[in-house]
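Positions 1232 to 1396 (the numbering used here) are the ones given, in order, by the sequence shown. A short worksheet on the structure shown next.
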Amino acid sequence: MLAAGLFALTLGSIATAADAAEGRVRARGANGAVAAGSHNGNTYVRGRGAHANADGSTTTASGGAVRTADGGRAARRSTTTYNTDGSVDHKGSFGATGARGTLNSQGSSTRNADGTVTGSRTTNATDARTGNSYSGSTTYDSTTGATRQATCRDASGATITCPSR
C-alpha cells in the first residue's frame, strides 16, 4: 500500500519540534507527501503521490489508515490515472472494523475519451451486535443509467428485507 511505503519514508525524516510535541511526523518529496501521528492512543498514517508513466499518462495515488484507542481500524486507498487521450481511470477502496461491525467497499470508474462514463462499486457490511449483513453493488453507465442490487441477511444467513434509508 502506498501509505505504508510512504510511512517508512517518514520514519527517516526529522520532525519539527512542534510536530514532535503533537506526536506527528510529516515529510514531502518531489512526488508526494506522507504524515503519521498519534494522540490519546489513536494513530494515523496517510500519504499521497504522483508518478509520470512511460506511456505519457500520470497516476496519482493516496491512502490512509487509522487505529482508535478502543481497537477500531479503518483504511482507504485510491489510484487515478490520467491518460494521454483524455480518458481517466479511478479505483478506490476502504474498509473499517470496530465494536459495531465491519464495512468494506471497492469501486472503479472510467471516463472515456469520448466523455462517456462507466463505474461500479460493491459494498459489504456486517452488524456485530445482530449479525445482520448487507451486500450490495451499483453499476453506472452514462448512456443507460444506474443499476443497484442489494441483499440483506440475518445472522443465520436467511435473506431479510433491507432497511430503507
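Just so you know, even glycine gets a beta-carbon here, dropped at the ideal spot from N, CA and C. All of these numbers come straight from a predicted model, not from anything done at the bench.
Residues near residue i in its chain [Cβ-Cβ closer than 6 Å; skip 5 each side]
| i | result |
| --- | --- |
| Asn1335 | Gly1326, Asn1355 |
| Gly1350 | Ser1340, Tyr1371 |
| Val1319 | Tyr1313, Arg1342 |
| Arg1304 | Arg1298, Thr1328 |
| Asp1358 | Gly1332 |
Element boundaries [beta strand (DSSP E), containing residue i]
| i | result |
| --- | --- |
| Ala1281 | 1273-1283 |
| Cys1393 | Note, Cys1393: premise wrong, no beta strand (DSSP E); not H, not E. |
| Ser1269 | 1263-1270 |
| Arg1194 | Since the first residue shown for the chain is 1232 and the last is 1396, residue 1194 is missing from the structure and cannot be characterised. |
| Gly1376 | 1376-1384 |
| Asn1335 | 1332-1342 |
| Arg1352 | 1348-1358 |
Chain-order list of residues whose beta-carbon lies under 8 Å from that of residue i (same chain, five-residue window excluded)
| i | result |
| --- | --- |
| Ser1269 | Gly1254, Arg1255, Tyr1275 |
| Ala1300 | Asn1271, Gly1272, Asn1273 |
| Ser1309 | Ala1292, Ser1293, Gly1294, His1321, Lys1322, Gly1323, Ser1324 |
Cβ distance (whole Å) where residue i is taken to contact residue j below 8 Å
| i | j | result |
| --- | --- | --- |
| Gly1294 | Gly1278 | 6 Å |
| Arg1352 | Ser1368 | 7 Å |
Residue i - partner residues in DSSP beta bridges
| i | result |
| --- | --- |
| Asp1316 | Note: Asp1316 sits in no beta bridge, so no partner. |
| Ala1421 | As shown, the chain starts at 1232 and ends at 1396. That puts residue 1421 outside it, with no answer to give. |
| Arg1368 | Note that residue 1368 corresponds to Ser in the displayed sequence, not to Arg. Its beta-bridge partners are Thr1353, Gln1380. |
Residue burial classification, residue i (beta-carbon count within 10 angstroms, cutoff 16)
| i | result |
| --- | --- |
| Gly1346 | exposed |
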